[in-house]
Structure formats: structure tokens, C-alpha cells
Amino acid sequence: MSVRVDVALLSGRSETIEVEAGSSIDALAQKAQALLGVGRSRVANSAGQVLPGTETVQQAGLKTGDVVTLHTQQVEVACARWKCDASAFAAIQGDASVLTWGDPDDGGDCSSIQDRLVNVQKIQASLFAFAALLGDGSVVTWGNPDCGGDSAAVQEKLKDVREIQSNTEVFAALLGNGRVVTWGNPDFDNSSAVQERLHGVQKIQANKYAFAAILEDGSVVTWGLPDSGGDSSPVEEQLQNVRHIQVSDEAFAAILADGSVVSWGNPEFGSDSSAVCQKLRDVQHIQATNCAFAAILADGSVVTWGPEEAGGDSSDVLEQLRHVQEIQSSDDAFAAITAGGRVVTWGDKQGGGNSDAVQHQLMNVKKVQASAGAFAAILGDGSVVTWGNPAYGGDSSSVQDRLKDVQHIQASKSAFVALLGDGSAVCWGEPRQGGDAGQELKELHAIQAGEQAMAGVLKSGSLLAWGDRRFGGYLGAADPTWYSRP
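Numbering (this note's numbering), first residue to last: 5 to 490.
Structure (C-alpha cells):
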């Protein structure tokens, strides 16, 4: 017996579809997606209830004349943000299911828990594992157990989760009651020692090896590797009325309500701000390289600290650092955008800290993006200016004539990709890390960069990837491992 139902999009556009009563809801969705020209979607009945894809049309109670709605969401791609050669990607698809690729042992294979990955709202990544937050507040994990891929020991506690944070090997979930649940490598997870203090938590921040939680009273609780900021006892009395925390690889810098700054962690990574503490007043924002910090003050001036070679010394450009609006960082250099649309750089000269060669082109700059050792600036007219180490994408001359109407730029460790207004994309930099897609990139909606690979979301909701195959990338359509998944 067949059933005819009207399938509508939220925009109002609809199609009448005939399916067998024994067909699955997934089959109905696939037919509707093809007719309506949309990506993966969920089917909701007239009461707004999302129907399980494995149910049959008959089991779902659908009959001829019923109206159902296709719910689709923007595809989101997640990968580790730590510069440690993460090797997998995970994407939330339009129907709130998950697609993974890359190294199977490091999160690239979620087949063992695929049936649990439904109504996924957000995905967080550690170095080699993923944690998915579902709509009901529960969490599903997969990947390397030493990096948090196995949450079985705390699964019963993972309820009413509001947010998930991670460092390289540990996850921390913030619950609705302000408590925190952690799991992952026990060598890096010592939250049990501070668990009684972890209540009323408002926000969690993480560097590579430690966590810092801001409580509702403005105090801070830390855990993780002590030398990397997991021990804040030397500055505990100063950590009052904390509003925001920024991180380098192994240090923390907290902005207090009065605009002052408290820092702690590994001295080699910028934890010691004592030399500039008197200058750190009315701080509005802090940015960090791997090892140094830069603070923007209310008057638009900038104060820096940390290793000189990593951007901790801005004395050579101090007079130019006026009316600064935003700061971007590579591994060891900073680039500041001023109110007048100019750019001021400092830090490792080879890694983008010296922009003298292109300074005359850096006018009306709207946005700056960074790889590990180079910068790319989007100008007001949609063109792009690059500088820094050519091996890290600092030379875009081979594609310069194509860099027009650029809307957004993403960067891997050593390559850039620019998304243009017409949905096409232009790549440059190290080919094996995403600098060469091996194909024409068009009809793109968004791009996500990993450490050594890129992922693109097409306007149709399909996914494609390119770069180093060992790290979640695929080199071109001629390569049997490259794919575009609907």
C-alpha cells in the first residue's frame, strides 16, 4: 500500500511524494531531498515531532494527505584546534547525524556508535578523539581512549550537559547545575582534587594541558598539568572578579573586572607578566601566539609579554600600535589591525612578524588570518595580501589574479584557502596540507581547516576534503580516497 504525503520546507516550498507504507522515514527523506534540492534533513510530523529515520511510514502513523516538514541545519565540521597533527574530522550533517573521516583509530571512524549519534548539536575535539553533545544533553564519544574517546566511566554523570571543552587529551563537560565532569588521559586529568570546588561554574577555558574554570563569583579553579597552568595557587588570591581567560600553549592570562591581568603557568609560554603589570590597565582583549601574549587596552594601545622571539616584545613598533581594533597571531608573530585599516606586525620575522615588503599594500584591511608561519589579509575591495614564510602560505603570487571578492579565509598549518563571493575557493601554500585541492572548488558554503588538511561544505550540504590523506585530506577526484558525500 502506498501513501501520498506533502513534504514542505520551512520556506513554504513543498512537494507531494508517494512512498510505500513499509518504506522507512529515511527513504521518504531521501526522496524529498532529491525533489526539493536540499541536503540531508530530518522529517517532522504536523505536531513538530522529529520522526526516527528507521521507523516505517506506517509505524510513524503517516497517511495520505498528511503534511510533514523537512528540517535541515547548516553542516558544521569539527577538528582538533591544537597544532599537534590531528588526523580526523567530524561533521554534523543537515539531519543532525555525524560523518567522520581520517585515521579510524583517532576519531575518523564512528561506526561503532553511529546509531547513538542522533540530534547532534555540537562536536568538540581533543587531539585524537571527539565528543558529541546531543539535543537531550547527553554525550557520545569516540576515538583514541587516551584522548577521551571512551567516556564509559563517567557516562552516567553526563546528563544535562550545556558545553564541552577540551585540551589535547582530556574533555570537560559543564552541566546545567554548574558542575563539571571530566574524562580522558588520567595523567592529564586530576580534576578529582578540585571537584568539590567546581560548582557554580560559568565558563571553562583550556590550553594544551590544563583547564581553568571561571565560577559565578568570579574566582577561578584550575586543574591539569601543574606547570602548564593546572596549578594557580601562586596567584589564587589575585584571581577575583575574573571576566575572561585567554591561553597560550601552556599558560593562562585572566582579565579581571577592573581591566587588570593575572597570568600563570609555564614561564616559557608567557605566564610571567610582572614586567608589564603596571601597564596592564583597562585591558579589553588578549591574543596569544604559542608562547606570548598581547593585550589591547581601552585606548587602543597594546602591551605584550612573553618570549621576545615569539612576539612578547613589541618595542620596535610601539609607536605604531595606536587605535588597535584586533590582533591575529601565527605561531610566533602578531598582526594588529588599526582603526585606519593598517596592519602592524612583530615577533618572528620569518613567521610573519615583518610585513615591510607588503606594507604599502596593507590599506583598508578588514580581516587577517594566520597559518603557523604566515598571514593573509582581506582588503576592503575583496583582494588579499600575504606575507611571512612562503613554505607556510606567505606567497600567494601564483593565485593572486584569482583572489577577488574574497569573503573569508581559513588556514591549515602551512596553507590557506579563500572563499569567494560566488562560492568558489582559491588555495595556496603547501600543496600536501591543503594548498592544492586538485580540483575546481565551487558551490561552497563554508570551509574548515585542520592541521594538515581542509574540509569544504557545499551549498547542497555535501562534504569534500583535500590535503594530506594521513590527516583527513584527499588530493583530488582521481584519487580513489577522495569523495563527496551527500
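Ideal placement from N, C-alpha and C gives every residue a C-beta, glycine not left out.
Extent of the continuous beta strand (DSSP E) to which Q242 belongs: The count along the sequence shown starts at 1 and reaches residue 242 at position 238. Run containing Q242: none; DSSP gives neither H nor E here.
Once DSSP output is grouped into helix, strand and coil, what is the label at D405? To locate residue 405, count along the sequence shown from 1; it is residue 401. D405 falls in the helix class under three-state DSSP.
Our contact map puts L468 next to G460 with C-beta atoms below 8 Å; I'd like the distance itself, whole angstroms only. Translated into the one-based positions of the sequence shown, residue 468 becomes position 464. Translated into the one-based positions of the sequence shown, residue 460 becomes position 456. Confirmed, about 5 Å.
R8 - partner residues in DSSP beta bridges: In the sequence shown, residue 8 corresponds to position 4, counting from 1. E22.
I believe S252 touches L284 by the beta-carbon criterion, under 8 Å. Please report the beta-carbon distance rounded to the nearest angstrom. Residue 252 sits at position 248 when you count from the first residue of the sequence shown. Residue 284 sits at position 280 when you count from the first residue of the sequence shown. So it is not a contact: roughly 16 Å between Cβ atoms.
Closest by CA to Q354, which one among A314, R406 and R46? By 1-based counting over the sequence shown, the position of residue 354 is 350. It is A314.
Residues near D472 by beta carbon distance below 7 Å, same chain, minus five either side: Start at 1 with the first residue of the sequence shown, and residue 472 comes out as number 468. Hits under 7 Å: R436, Q437, Q456 and A457.
Neighbourhood of H449 by C-beta, 6 Å cutoff - its chain only, sequence neighbours within 5 removed: Position 445 of the sequence shown, counted from the start, is the residue given in the question as residue 449. Closer than 6 Å at the Cβ level, and outside the excluded window around H449, lie V461 and K463.
Nearest-angstrom beta carbon gap, R8 and E19 [assumed within contact, 8 Å]: Here residue 19 refers to the residue found at position 15 when the sequence shown is read from its first residue. Here residue 8 refers to the residue found at position 4 when the sequence shown is read from its first residue. Not really, about 11 Å apart at Cβ, beyond 8 Å.
Excluding the 5 residues flanking L407 on each side, which residues of the same chain have their C-beta closer than 7 Å to its C-beta? Translated into the one-based positions of the sequence shown, residue 407 becomes position 403. Closer than 7 Å at Cβ, skipping near neighbours: S387, V388, S400, A422 and V430.
Compare the Cα-Cα distances from V102 to each of V124, I341 and C83 and report the closest residue. As a working mapping, residue 102 is identified with position 98 in the sequence shown. Out of V124, I341 and C83, V124 has the C-alpha closest to the C-alpha of V102.
To which residues of the same chain is D109 closer than 7 Å at the C-beta, ignoring the five residues directly before and after it? Indexing the sequence shown from 1 puts residue 109 at position 105. Residues of the same chain with a CB within less than 7 Å of the CB of D109, apart from the 5 flanking positions on each side, are N148 in chain order.
First through last residue of the alpha helix (DSSP H) which encompasses K35: Within the sequence shown, residue 35 is the residue found at index 31, counting from 1. Counted as a single uninterrupted DSSP element, the alpha helix (DSSP H) harbouring K35 occupies residues I29 to L40.
In its own chain, which residues sit with a C-beta less than 6 Å from the C-beta of V280, not counting the 5 before and 5 after it? Residue numbering aside, residue 280 sits at position 276 when the sequence shown is read from its first letter. For V280, where only same-chain residues beyond five positions count, the Cβ hits under 6 Å are V307 and W309.
When you compare only the Cα positions, how much space is there between D119 and N358? Looking up residue 119 in the sequence shown gives position 115. Looking up residue 358 in the sequence shown gives position 354. Answer to the nearest angstrom: the Cα atoms are 51 Å apart.
Inter-residue CB distance, Q169 and A210 (contact presumed, cutoff 8 Å): The residue given as residue 169 occupies position 165 in the sequence shown. The residue given as residue 210 occupies position 206 in the sequence shown. Their Cβ separation, rounded to whole angstroms, is 5 Å, which keeps Q169 and A210 in contact under 8 Å.
With 16 other Cβ atoms within 10 Å as the buried cut-off, status of F379: One-based indexing of the sequence shown puts residue 379 at position 375. That one is buried.
By how many angstroms is the C-alpha of A156 removed from the C-alpha of Q244? Within the sequence shown, numbered from 1, the residue matching residue 244 stands at position 240. Within the sequence shown, numbered from 1, the residue matching residue 156 stands at position 152. Q244 and A156: Cα-Cα distance of roughly 35 Å.
Taking C-beta to C-beta, are S491 and K446 nearer than 8 Å? This structure cannot settle anything about residue 491, because the visible part of the chain is limited to 5 through 490.
The beta strand (DSSP E) enclosing I300, as first and last residue numbers: The residue you call residue 300 lines up with position 296 of the sequence shown. Its beta strand (DSSP E) spans residues F297 to L301.
Is there contact here, the stretch 236-243 with the stretch 196-210, by at least three beta-carbon pairs under 8 Å? In short, these stretches do not touch, since the Cβ pair count stays below three.
Any idea which residues DSSP pairs M458 with across the strands? What you label residue 458 is simply residue 454 of the sequence shown in a count that begins at 1. Paired residues: A453 and W470.
Assign R201 to one of three DSSP states: helix, strand, or coil. Position 197 of the sequence shown, counting from 1, holds the residue named residue 201. In the structure shown, R201 sits in a helix (DSSP, three-state: H, G or I).
Mapping the DSSP letters down to three states, classify L74 as helix, strand or coil. Position 70 of the sequence shown, counting from 1, holds the residue named residue 74. Three-state DSSP puts L74 in a strand.
Grab me the residues of A361's own chain with a C-beta within less than 7 Å of its C-beta, minus the 5 sequence neighbours each way, in chain order. As a working note, residue 361 is residue 357 in the sequence shown. W391.
DSSP three-state assignment for S267, whether helix, strand or coil: If you number the sequence shown from 1, residue 267 lands on position 263. In this structure, DSSP gives S267 an extended state, which the three-state scheme calls strand.
Going along the chain, which residues of its own chain have a beta-carbon closer than 6 Å to the beta-carbon of H327, five neighbours each way excluded? Counting from one through the sequence shown, the residue named residue 327 turns up at place 323. Taken in chain order, the residues that qualify are G304, T342 and A343.
Compare the C-alpha of G98 against each of K126, I218 and A217 and name the closest. Counted from its first residue, the sequence shown places residue 98 at position 94. Of K126, I218 and A217, the residue nearest in Cα terms is K126.
Measure the Cβ-Cβ separation of G316 and A296 and say whether it is below 8 Å. As a working mapping, residue 316 is identified with position 312 in the sequence shown. As a working mapping, residue 296 is identified with position 292 in the sequence shown. In contact: G316 and A296 (Cβ atoms closer than 8 Å).
Here's a check: name, in chain order, each residue in its chain whose Cβ is nearer than 8 Å to the Cβ of A38, leaving out the five neighbours to either side. Here residue 38 corresponds to residue number 34 of the sequence shown, with the count starting at 1. Closer than 8 Å at the Cβ level, and outside the excluded window around A38, lies no residue.
I'd like the ranges of any beta strand (DSSP E) spanning at least 3 consecutive residues and lying wholly in the stretch 142-201. 143-147, 165-170, 174-179 and 184-188
Suppose you measure from the CA of S6 to the CA of S45; what does that come to, to the nearest Å? Your numbering for residue 6 matches position 2 in the sequence shown. Your numbering for residue 45 matches position 41 in the sequence shown. Roughly 22 Å separates the two Cα atoms.
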